[in-house]
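Its first residue numbered 380, the sequence shown is counted upward by one per residue in my numbering. Even for Gly, the Cβ is constructed at its ideal location relative to N, Cα and C. Bear in mind that the values here come from a model prediction, so they are computed numbers and not experimental data.
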Amino acid sequence: MQNILELKNIGYSYHSLHGETKALENISFGVREGEFVAIVGPSGCGKSTLLSIIAGLLTPEQGTILVNNPDGSLSYPRVGYMLQRDHLFEWRSVYRNVTLGLELHHLLTPERLKTVDRLLVEYGLDKFRDKRPSELSGGMKQRAALIRTLALEPQLLLLDEPFSALDYQTRLMVSDDICRLIRAAGKTMIIITHDLSEAISLADRIIVLSGRPAVVKTEMPIKLTLTDDSPLAARNAPEFQNLFNRLWEDLTHED
């Protein structure tokens, strides 16, 4: 399967009155259609900056992003960006929160609203559609935030530590549920995480960045022997511990 996106020698620096701080240097990798890619690296190395560049929120100072759409078009894939916080508005019901993106883009069509209704049922939130965000658990809020993102039918999902605010047990359950649903929808996903176990259990491939200025140190394909193809089951795969040790070594070893 071909890459839908290819990053070629991406570089980016932050500028201030005190000088230049180089964040990214010669970042190159591709993302295949339907692939789950996890990006890990030391704190402050520029992972979120890289995700913002992929989202089109920042313009790289060096390098290019190539697009290879299956239909041969050159249009940039529709991107859904899910942040660490759910950013739900308390004065709106759950339903009016998940339809907010459609409202802002003037896309409140019967077909789109039918999709929202289906997602509310699939994500277990249909009975909470008239509740306020404060009446939901942390995991339910993240599900609502994902529905809001998926309602716009993105081709590429960018997740910036979306489960980091949850307690460990909830994080395991929610990441398992959400990522299985994203796979079922056939979406392509890039996720940033500090949790190496999470990266191994969710991703098809892990990209390890160095400290600032970040370069790609390693690309690690994830192949697990599983009878149950779920993120939770992945942690019991016979290859899991070896992959974790290799990933830890790559992440902590300084060239």
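Proximity winner among the options, relative to residue i (alpha-carbon distances)
i	options	result
R471	D583, K510 and R614	K510
T488	L498, F507 and L531	L531
L479	R527, L462 and V495	R527
A593	A402, Y393 and L396	A402
E577	S589, A564, M552 and I433	M552
P421	F542, T572, L396 and Y460	T572
H394	I383, N388 and E440	E440
E598	R457, V587, L611 and T604	V587
I433	T400, E385, R508 and L492	E385
R559	R625, D607 and R497	D607
D555	G518, R591 and G590	G518
D539	S431, L498, N447 and F507	S431
For residue j and residue i, believed in contact at Cβ under 8 Å, the rounded distance
i	j	result
I406	L429	6 Å
A417	I557	Incorrect: roughly 14 Å between the Cβ atoms, too far for contact.
F415	D583	5 Å
L537	K566	Their Cβ separation, rounded to whole angstroms, is 11 Å, which puts L537 and K566 out of contact at 8 Å.
L603	F619	7 Å
I561	M568	6 Å
Neighbour-count burial assignment, residue i, 16 or more Cβ in a 10 Å radius
i	result
Q548	exposed
L467	buried
P617	exposed
A563	exposed
E490	exposed
D546	exposed
R550	buried
Pairwise C-alpha distance: residue j and residue i
i	j	result
G398	R475	45 Å
A524	V477	7 Å
F640	D465	Residue 640 lies beyond the range of the chain shown here (380 to 634); nothing can be said about it.
V473	L483	16 Å
C424	V495	36 Å
S516	V500	17 Å
P610	L581	6 Å
E469	R522	16 Å
W627	L575	8 Å
Y502	E412	24 Å
L486	G459	15 Å
L462	P533	15 Å
G590	K493	45 Å
G435	I601	28 Å
T400	E514	43 Å
Within-8 Å CB hit, residue i to chain C
i	result
S576	The structure shown contains no chain C, having only a single protein chain.
Contact test: residue i Cβ vs the ligand GTP heavy atom, cutoff 7 Å
i	result
K520	For the ligand GTP, the structure offers nothing, since it holds no ligand at all.
### Message
So within the region 501 to 560, which uninterrupted beta strand (DSSP E) runs reach at least 3 residues, ignoring any that extend past its ends?
### Response
Qualifying beta strand (DSSP E) stretches, in chain order: 535 to 539.
### Query
Which runs of the alpha helix (DSSP H), 4 residues or longer, sit entirely within the region 472 to 502?
Entirely contained in the region 472 to 502, the alpha helix (DSSP H) runs reaching 4 residues are, in chain order, 473 to 477, 479 to 483 and 489 to 501.
### Query
Can you give, in chain order, each stretch of the beta strand (DSSP E) that sits fully within the region 395 to 450 and has at least 3 residues?
If we require 3 residues or more, the beta strand (DSSP E) runs fully inside the region 395 to 450 come out as 398 to 411, 415 to 419 and 441 to 446.
#### Entry: Uninterrupted beta strand (DSSP E) stretches inside the region 578 to 632 (no shorter than 3 residues)
Listed in chain order, they are 584 to 588 and 595 to 600.
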